[in-house]
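Residue numbers (our numbering): 11 to 691.
Heads up, the beta-carbon is just placed ideally off N, CA and C, and yes, glycines get one too.
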């Protein structure tokens, strides 16, 4: 093994010389692989060695299961062993390799079984682009050194200074920090927090999709504040506090603070970000634009466009200089290329897309024409922040998941990702309805059968639309609607469905495409902060019953389950056909109320009955009417949301708003009464 040890030393030396990371694949039997791993570990005695997957080896510092790579986030090692003998999780792998610092190696033990599915073949093809060492074959060439003299912390220091300016400068000038993974954006927040807490008494709130996301922020703050006291979700230093508050709790309780840091902002719905900007006048928003987290570029751009309009003094800093490794890192380049994380949107320009047609793209086509897949994936990543490396592997592996796309030349103009559902037998459906089974991959069919009692939804064949994406240069031009119409023409299903985090914009789009809301989740999803909504497009009679139920469900729940639902979303979901119920008898009393008479308690039941029989009225109702009458906010809640002094001022405004809203009805009622009581001369 003298030759092997010398080669290993050369690998580490080359990596250290240019502060890069290399991936090494060991193709051979288990005994031979273990001997190699021992020699690698000997070269790094005293250094951190992590292991992902497989039975944990004695010389590793820390080992986690193949699907638990996220547990290594925020930590560093010089050698990472990835044992893929029991499977592969692209998200977990992507998270784990981010722990390896420049000068380190990622050593991969591939599955020795023949690659059958297209996802396995895709991975196998990608691994061949690394340093591949084969048993009984000559050793490959050691990569060439490419030293660089760049200052790794220059951009991070600029970000730290930018954060400080948010506190020390003028109000209402938020900062947006975007970065690829490994660029030190989270550590910049921690460093800035520590510096600010040292210079003055500060209360800083950090919010993010999960507490795990912001651990690096706390770690770097504690590193610079050795005398600080660390508590659960909180750091205290003298009179200053740095604490984590979940996004929903932050907006519900709006606690006082001097500044908020919002990490991984692209994973938080835009309406929630807007509320944060409105309430907190000193805010920093940071987000990853590449990596295993997915990439919310489209999401982020929309938010930044809104900021430019409502906070024209906002600043933006982008970090592209790595902290843990040098620029042009071979492992990072390979990782981005292999999992399409560097897939960029092509410019359509003046390309004619008026006659584009949607076509099914087979898995074999995706494997054999990776550029076609890359173009589609760039669109999906741009449109959906949750699109991740696992989505790529699942698309290649799962036969129930299919991709449809429309191209203009080599550029993807729009694409749809679907999953086949339904077709379940009677016994399975019976168990679903009793809550004893929930078959994987049948989200809508199972929900409708179990929660709404529609057995046909699980018995019939259906197609659920998981993702739909349209090129930004062709959005708001009816392309999405055309693609969905074409999907129904070239595919076969008894009905179509979709499930997504509900926003008024998305609900309006799907309604325009002929889909009907049928089920709104009772709680907000932690990852998106939105309620999950199922919408269906079908011709079956059962849909009429479901629509009727949904209307009753929303009318009943808006003042309880959904009292905090966004006003524009209330309008989008409740708007519907009016019933034939007449309520002219209460018009005089309501008119008296709008003029200052009666009391709200006396007219509230009548108004409640009236809007439920006439939900289209909601389109003209003011925000205050929706909050007080429909969602039944308290007077105090209304005063707080609409910046009014108290109940007297709220009720005065409510009377005025109701007068405007009901004026046509009141006028008609008065004219009708006058006609009936008048007598001819």
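Reducing DSSP to helix, strand and coil, say where residue 650 ends up.
helix
Residues sharing a beta bridge with residue 250, DSSP
247
According to DSSP, simplified to helix, strand and coil, what is residue 16?
helix
With 16 other Cβ atoms within 10 Å as the buried cut-off, status of residue 88:
buried
Can you check DSSP and say which residues form a bridge with residue 143?
36
C-alpha gap between residue 417 and residue 209, whole angstroms:
56 Å
Exposed or buried, which one is residue 554 when buried takes at least 16 other CB atoms within 10 Å?
exposed
Inside the region 15–96 only - alpha helix (DSSP H) runs reaching at least 4 residues:
40–53
Reducing DSSP to helix, strand and coil, say where residue 306 ends up.
With a pLDDT of 49 at residue 306, under the threshold of 50, the modelled position of this residue cannot be trusted; read the value that follows with caution. Three-state DSSP puts residue 306 in coil, outside helix and strand.
Would you grab the beta carbon distance between residue 474 and residue 507 for me? Rounded to a whole angstrom, and I think it's under 8 Å.
5 Å
Here's a check: name, in chain order, each residue in its chain whose Cβ is nearer than 6 Å to the Cβ of residue 572, leaving out the five neighbours to either side.
none
For the ligand NAP, any of its heavy atoms closer than 7 Å to the Cβ of residue 61?
With respect to the ligand NAP, the structure shown offers nothing to examine, as it has no ligands at all.
Can you name, in chain order, every residue of its own chain whose Cβ lies under 6 Å from the Cβ of residue 281, other than the five neighbours on each side?
576
Could you tell me the alpha carbon to alpha carbon distance between residue 181 and residue 291, rounded to whole angstroms?
6 Å
Quick one: using the 10 Å Cβ neighbour count with 16 as the cut-off for buried, is residue 173 buried or exposed?
buried
DSSP state of residue 363 mapped onto helix, strand, coil
coil
Compute the Euclidean distance between the alpha carbons of residue 565 and residue 276, then round it to the nearest angstrom.
32 Å
Endpoints, alpha helix (DSSP H) assigned at residue 601
597–604
Among 652, 71, 246, which has the Cα closest to the Cα of residue 55?
71
Would you mind giving the Cβ-Cβ distance between residue 200 and residue 231, rounded to the nearest angstrom? I have them listed as a contact below 8 Å.
4 Å
Expressed to the nearest angstrom, what Euclidean distance is found between the alpha-carbon atoms of residue 61 and residue 132?
23 Å
Quick one: Cα of residue 34 to Cα of residue 100, how far?
17 Å
Could you give the distance in angstroms between the alpha-carbon of residue 390 and the alpha-carbon of residue 479?
6 Å
Nearest neighbour of residue 467, chosen from 488, 491, 273, 439 [CA to CA]
439
Pick out whichever of 654, 574, 669 has its Cα sitting closest to the Cα of residue 617.
669
Alpha helix (DSSP H) segment containing residue 291, residue limits
No alpha helix (DSSP H) holds residue 291; DSSP gives it neither H nor E.
Measuring only the C-alpha atoms, how far is residue 141 from residue 150?
7 Å
Could you tell me whether the region 359–375 touches the region 448–462, using the rule of 3 or more Cβ pairs below 8 Å?
no
Presumed contact (8 Å Cβ cut-off) between residue 102 and residue 76, rounded CB distance:
6 Å
Tell me whether residue 437 is buried or exposed, calling it buried when 16 or more other Cβ atoms sit within 10 Å of its Cβ.
exposed
Can you grab the Cα-Cα spacing for the pair residue 58 / residue 86, in whole Å?
7 Å
Pick out whichever of 427, 420, 398, 419 has its Cα sitting closest to the Cα of residue 410.
427
Rounded straight-line distance, which links the Cα of residue 286 to that of residue 639
26 Å
Considering only C-alpha positions, which residue in the set 246, 128, 377, 664 is nearest to residue 642?
664
Beta-bridge partners of residue 529, as assigned by DSSP
544
Taking 8 Å as the threshold (C-beta atoms), are residue 514 and residue 581 in contact?
yes
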